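Participant:
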Amino acid sequence: MTRDFDWGLFAITILISLVGIMSIYSATHYPGKANINYSDDLSSLSNTFWIKQAIWLLLSLILAIFMANFNYHHFWDLAWFLYVSSVILLFLVLVVGVERSGAKRWFDLGIFSLQPSELVKISIIIILARYFTRLMSYHFSESIYHSGFFIFFKMMLVPIFLVMLPAVFIIKQPDLGSGIVLIPILFAIIFCAQVPKRFIASVVLLGAAVIPFFWHFLKAYQKSRFLVFLDPNIDPLGAGYTITQSKIAIGSGKLLGKGWLAGTQNQLNFLPERHTDFIFSIIAEEWGFIGSAVILFLLFFLIWRMIDIASKANDPFGRLISVGVIAFFSFQILINIAMTSGIMPVVGLPLPFVSYGGSSLLLSYFCIGLMLNISKHRIIF
Amino acid sequence: MRFRIFYSLIFAIFAIVLSRLFFLQIIKGESLRIQSQRNAVRIIPQNGLRGKILDTNGVILAEDRVSLNIAIIPQDLKSRSATFSELSRILAESKESLELRFKSNFSAPFAPVVVAEDVDRERALLIGEKRNKLPGLIIEYEPKRNYNFGSVASHVLGYLGKPETVFGSFEGYGFSAVQNVGVSGIEKYLDKFLRGEDGGMLIEVDNRGRQINLVGVRTPREGKSVSLTIDIRIQKILQNLLENRRGAVILMDPSNGDIFALASSPTFDPNVFLKKRDNRLRSEYLKDSAAPLFDRAVSGQYPPGSVFKIITTLSGLTSKKINFNTHFFCPGHKTIGRRDFKCWSTHNDQDLRNAIIHSCNVYFFNVGLVVGAEYLSDYTKVFQLGKPTGIDLPNEVTGFIPSPRGRMEFSNQGWYQGDTANLSIGQGGLLLTPIQVLRMASAVANSGYLVKPHLVKEVAGKKIVYKRPMKIDIDPKFLDFLKQSMRGVVGDETGSARILEIPGLEICAKTGTAQVGLGRKHGWIAGFFPKDQPKVAFVVFLENCEGSFIAAMLARDLFKEMLAEKILPLK
Chain A
1 MTRDFDWGLF AITILISLVG IMSIYSATHY PGKANINYSD DLSSLSNTFW IKQAIWLLLS
61 LILAIFMANF NYHHFWDLAW FLYVSSVILL FLVLVVGVER SGAKRWFDLG IFSLQPSELV
121 KISIIIILAR YFTRLMSYHF SESIYHSGFF IFFKMMLVPI FLVMLPAVFI IKQPDLGSGI
181 VLIPILFAII FCAQVPKRFI ASVVLLGAAV IPFFWHFLKA YQKSRFLVFL DPNIDPLGAG
241 YTITQSKIAI GSGKLLGKGW LAGTQNQLNF LPERHTDFIF SIIAEEWGFI GSAVILFLLF
301 FLIWRMIDIA SKANDPFGRL ISVGVIAFFS FQILINIAMT SGIMPVVGLP LPFVSYGGSS
361 LLLSYFCIGL MLNISKHRII F
Chain B
382 MRFRIFYSLI FAIFAIVLSR LFFLQIIKGE SLRIQSQRNA VRIIPQNGLR GKILDTNGVI
442 LAEDRVSLNI AIIPQDLKSR SATFSELSRI LAESKESLEL RFKSNFSAPF APVVVAEDVD
502 RERALLIGEK RNKLPGLIIE YEPKRNYNFG SVASHVLGYL GKPETVFGSF EGYGFSAVQN
562 VGVSGIEKYL DKFLRGEDGG MLIEVDNRGR QINLVGVRTP REGKSVSLTI DIRIQKILQN
622 LLENRRGAVI LMDPSNGDIF ALASSPTFDP NVFLKKRDNR LRSEYLKDSA APLFDRAVSG
682 QYPPGSVFKI ITTLSGLTSK KINFNTHFFC PGHKTIGRRD FKCWSTHNDQ DLRNAIIHSC
742 NVYFFNVGLV VGAEYLSDYT KVFQLGKPTG IDLPNEVTGF IPSPRGRMEF SNQGWYQGDT
802 ANLSIGQGGL LLTPIQVLRM ASAVANSGYL VKPHLVKEVA GKKIVYKRPM KIDIDPKFLD
862 FLKQSMRGVV GDETGSARIL EIPGLEICAK TGTAQVGLGR KHGWIAGFFP KDQPKVAFVV
922 FLENCEGSFI AAMLARDLFK EMLAEKILPL K
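Chains as they are written, first to last, in this note's numbering: chain A, 1 to 381; chain B, 382 to 952.
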């Protein structure tokens, strides 16, 4: 017997998405300013963004409903296929992808474009969930042939390799945000898959030791973002500009906000990327602390519903998928709001369900569909 | 267990984010709100026009007119080379110089850069037509002071300059937000009346500083206009005559202190100080050893020479040490102590009237010696010499009156009879300004009143009422005698200013030639006419000339030309 559809999760997701469309509308509209020639700097912004996002939302809803009825156990068999094909797509996008503002992230599919890095995120969640489900049913202690290193290899190095392979391609695009988001997914699943703590600790320590070397592999703009995060005043009109303006936008909203379509930081174009990565600044500016706390609460409620589903999932595969999805969403929410409010360096990560972007929205709803399906199957025996 | 740790971690994440929002929006909200307003709202100052300055007949001497500047907003510039070649064609100026100016005046991408100042209307119109095709070009309107008569009356009018101290801080915004202020002359003296009331526009701008909304406007107001007592026609004739000379000439109504003309030479063109670029002439003025910016009429102090004999005469008469019939014998020199003091001629027997007419030094040495230095020096106070006259011009100086007491106090040096002799003929450290000498002559002319010399007639259409001239405590008989004698200076065959005699004008005067060492002399003549009920008092002072007769000749030429032009204020 299957349980009813989790309407609560579904409704809250749609509600958040509608807030997102309202904010995109506010971020990209220019009423009564025809006397100003915006053609030069706003060619990338047009009044139709909210309509496009609405269409994406409809497509996403269809996908979510389809996924909600697609037994997630099928992904057990599809896991490797998904993983391999997304890695190949990632490779291809570096070769034949279209370049926008210096990054090759998109396939041009005529009327819309697709980011394979979004597909990778779900593939990673599924492949890791499958990998650790199998590993957990394996009793290492009973096998005297398995040395400690072999266990470490199986439990840590293989999954790390599985993540690193696509991550390298993604960071090469370059898309640091999408690359970094894979790390919390990996650790959340490893952690919840009962991998010994000493393994995790040793990898974390090793990683901390190695990070300084990666500094040299960062692009110049990524380095400057980090340095500017440490002190935005070193370059207030250049790299620090976005952080400063975003903080001003959020803070100037005060308790009640300046009102929808009335945020000066937004409407007067002080915030770059405000319909995508910096959408939260606009919400905070126009709706104040009350509005931003409400949207944060809605997001928390969403995560909380997912945690509930995860804890009641009837098998490790479903539970680990849920953990991956929760980690994925939580991390994005944290990074996005933290960077817009200036407590983390700027890495280009969208706010799930809110920021403009078709691929991101489709993936998010794919995950929602997956969670709905796991929720449906939770009491099957 | 692991799941619970994982979930708590997520809960912590949300708590951190929420507290950050609380910090930014509630705790720092107010200051960040102010920052956002500062981002979006900008003040564009609009300078109010400066008030006009008119002469006594209503002729405009200085006025603000709107000057058209061609400017470029760098960020809106589409085709740089096309814009500059078009500009170069219309303005008939080389492309390179325009681009150079653009580069050197550039301050910020949104701030207009002026590439051509004060463009004539036709050219501005031509550029206006091209604006749609060449975005980024704008025409700015800026009030600009114009002195219609160039260097005529420039020491009266003064000139304008930037208040340096406030200026720098506004440059980043691309606005010259601070008005010019008066640096000298009437422009300085009446600056707060002349200065326009600034207005401005409060506009909401986007991230590139482009205007989105007009939030508020305050219309600028024109400053108050000022009418002077100066007659620009007289001033023009006067400055023509003064050309290539160093000195000062002032004409005044002795009855009330209205100044008809005040000139200092060499002079300057106040328009030069308003040119933003070309400051070549400006620095030339500043470097010139003849000091054209210096107003000799009120800021220069010089030994008056024999003109001072007016005071010596009156001190002698008032102290009763001499009377109208006192005679002294002039052998051409007088030995005082061990020094020989020369007269400029040998006058033999002289009475007071003749001594004045011939400007006999020996006679006045004797007068000075009988009166005494202390008395003579104190007597100058009756005419308020050694004090500013209070003329409505900035930087008036006091002059200097030597006295035995003063010398003791300040330099601890002795005073000798020779010093008294020198003082009595207007030498020996005595310094007066031309305006002081003029007021002194006026007091003789109007039979004993000290007027306050002034240039301002009306401010904002309202007549300025000056205090009644101050009565000097002096026997009118003495002044009448002095007047008669001064008439003789010009009218008598042997008078020292015989050259100035113009039939019908009845000019009274006293000449002066001051020795200033190294054989250099200053020439003076001060006087008034007509003898009875004088209408004009005058002083002519010339630096480094052959003597008083040069000054007298200049006065003669001036009055003759004024007579020919029928602008002598005689009624």
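Just so it is clear, CB atoms sit at the ideal spot from N, CA and C, and this is done for glycine as well. Note that the structure is predicted; figures quoted are calculated from it, not measured.
Determine, using beta carbons only, whether isoleucine 12(A) and arginine 305(A) come nearer to each other than 8 Å.
Facilitator: yes
Participant: Closest to aspartate 579(B) by CA distance: which of Leu442(B), Ser877(B), Lys569(B) and Val598(B) is it?
Facilitator: Of the candidates Leu442(B), Ser877(B), Lys569(B) and Val598(B), the one whose C-alpha sits nearest the C-alpha of aspartate 579(B) is Val598(B).
Participant: Which ranges does the alpha helix (DSSP H) cover as unbroken runs of at least 4 residues, wholly within the segment 268-354 of chain A, from first to last along the chain?
Facilitator: 279-312 and 316-340
Participant: Going by beta carbon distance, what residues of the same chain come within less than 6 Å of leucine 944(B), once the five residues before and after it are set aside?
Facilitator: Cβ contact annotation for leucine 944(B) (same chain, cutoff 6 Å, sequence separation greater than five): none.
Participant: Just to confirm before moving on: does the CB-CB distance between phenylalanine 922(B) and alanine 644(B) stay below 8 Å?
Facilitator: no
Participant: Name the one or two DSSP bridge partners that tryptophan 106(A) has.
Facilitator: Val98(A)
Participant: Using C-beta distances below 7 Å, list every residue in its chain close to glycine 581(B), excluding the 5 sequence neighbours before and after it, in chain order.
Facilitator: Result list for glycine 581(B): Ile424, Ile425, Pro426, Gln427 and Arg599, in chain order.
Participant: Would threonine 693(B) pass as a contact of glycine 749(B) if the rule is Cβ separation under 8 Å?
Facilitator: yes
Participant: Do we get a CB-CB distance below 8 Å when we pair arginine 423(B) with the residues of chain A?
Facilitator: no
Participant: DSSP beta-bridge partners for lysine 525(B)?
Facilitator: Arg446(B)
Participant: Is leucine 363(A) helix, strand or coil by DSSP?
Facilitator: helix
Participant: From which residue to which residue does the alpha helix (DSSP H) around valine 897(B) run?
Facilitator: From DSSP, valine 897(B) is part of no alpha helix (DSSP H); its letter is neither H nor E.
Participant: Tell me whether threonine 340(A) is buried or exposed, calling it buried when 16 or more other Cβ atoms sit within 10 Å of its Cβ.
Facilitator: buried
Participant: Mind listing which residues of the segment 633-657 of chain B have their C-beta closer than 8 Å to chain A's C-betas, in chain order?
Facilitator: none
Participant: Whose Cβ in chain A lies nearer than 8 Å to the Cβ of phenylalanine 487(B)?
Facilitator: Residues of chain A passing the Cβ test: none, with the nearest at roughly 15 Å.
Participant: Starting from methionine 67(A), trace the alpha helix (DSSP H) in both directions and tell me its first and last residue.
Facilitator: 49-68
Participant: For the beta strand (DSSP E) that glutamate 755(B) lies in, which residues bound it at each end?
Facilitator: No beta strand (DSSP E) holds glutamate 755(B); the alpha helix (DSSP H) holding it covers 754-760.
Participant: Taking buried to mean at least 16 other C-beta atoms within 10 Å of its own C-beta, is isoleucine 845(B) buried or exposed?
Facilitator: By the 10 Å Cβ count, isoleucine 845(B) comes out exposed.
Participant: With 8 Å set as the bound, which would you pick, yes or no: does the beta-carbon of glutamine 332(A) sit closer than that to a beta-carbon of chain B?
Facilitator: The beta-carbon of glutamine 332(A) is placed no less than 8 Å from the nearest beta-carbon of chain B.
Participant: Among Met164(A), Val325(A) and Leu90(A), which has the Cα closest to the Cα of aspartate 308(A)?
Facilitator: Val325(A)
Participant: Kindly list, in the order they appear in chain A, the residues whose Cβ is closer than 9 Å to that of phenylalanine 403(B).
Facilitator: Phe289 and Ala293
Participant: Where DSSP assigns a beta bridge to glutamate 353(B), which residues make up the other side?
Facilitator: No information on residue 353(B) is available, as it lies outside the stretch 382 to 952 that chain B covers here.
Participant: If you draw a straight line from the alpha carbon of lysine 33(A) to that of leucine 413(B), how long is it in whole angstroms?
Facilitator: Here lysine 33(A) scores only 45 on pLDDT, less than 50, and its place in the model is too uncertain to base an answer on.
Participant: Cα separation between leucine 899(B) and leucine 622(B)?
Facilitator: Distance between leucine 899(B) and leucine 622(B), taken at the CA atoms: about 27 Å.
Participant: Can you tell me whether aspartate 854(B) is buried or exposed, with buried defined as 16 or more other CB within 10 angstroms of its CB?
Facilitator: exposed
Participant: When Cβ atoms are compared, which residues of the segment 311-323 of chain A fall closer than 9 Å to chain B?
Facilitator: Under the 9 Å Cβ criterion, the segment 311-323 of chain A contributes Ser311, Arg319 and Val323.
Participant: Just how far apart, CA to CA, sit threonine 770(B) and methionine 851(B)?
Facilitator: 12 Å
Participant: Looking only at its own chain, which residues have a Cβ that is under 7 Å from the Cβ of glutamate 603(B), when we skip the five neighbours before and after it?
Facilitator: For glutamate 603(B), the CB contacts under 7 Å within the same chain, skipping 5 residues up- and downstream, are Gly429, Leu430, Gly432 and Gly577 in chain order.
Participant: Should glutamate 624(B) be labelled buried (16 or more other beta-carbon atoms within 10 Å of its own) or exposed?
Facilitator: exposed
Participant: Would you please state the rounded distance, in angstroms, between the beta carbons of phenylalanine 328(A) and valine 181(A)? I believe it to be under 8 Å.
Facilitator: Cβ-Cβ separation between phenylalanine 328(A) and valine 181(A): approximately 6 Å, consistent with a contact (criterion under 8 Å).
Participant: For phenylalanine 381(A), I'd like the list of residues in its chain whose CB is within less than 6 Å of its CB, leaving aside the five on either flank, ordered along the chain.
Facilitator: For phenylalanine 381(A), the pLDDT reaches just 45, beneath the cut-off of 50, and the residue's location in the model is therefore unreliable, although a value from the coordinates is still provided. None.
Participant: Would you grab the beta carbon distance between isoleucine 955(B) and valine 920(B) for me? Rounded to a whole angstrom, and I think it's under 8 Å.
Facilitator: Since the first residue shown for chain B is 382 and the last is 952, residue 955(B) is missing from the structure and cannot be characterised.
Participant: If you draw a straight line from the alpha carbon of serine 646(B) to that of aspartate 938(B), how long is it in whole angstroms?
Facilitator: 17 Å
Participant: Chain A partners of leucine 413(B), CB-CB under 9 Å?
Facilitator: Lys247, Ile248, Ala249, Ile250, Gly251, Ser252, Gly253 and Lys254
Participant: Only counting runs of 3 or more residues, tell me where the beta strand (DSSP E) segments fall wholly within the segment 682-726 of chain B, in order along the chain.
Facilitator: 709-711, 714-717 and 720-723
Participant: Would a C-beta distance cut-off of 8 Å place isoleucine 170(A) and leucine 90(A) closer than the cut-off?
Facilitator: yes
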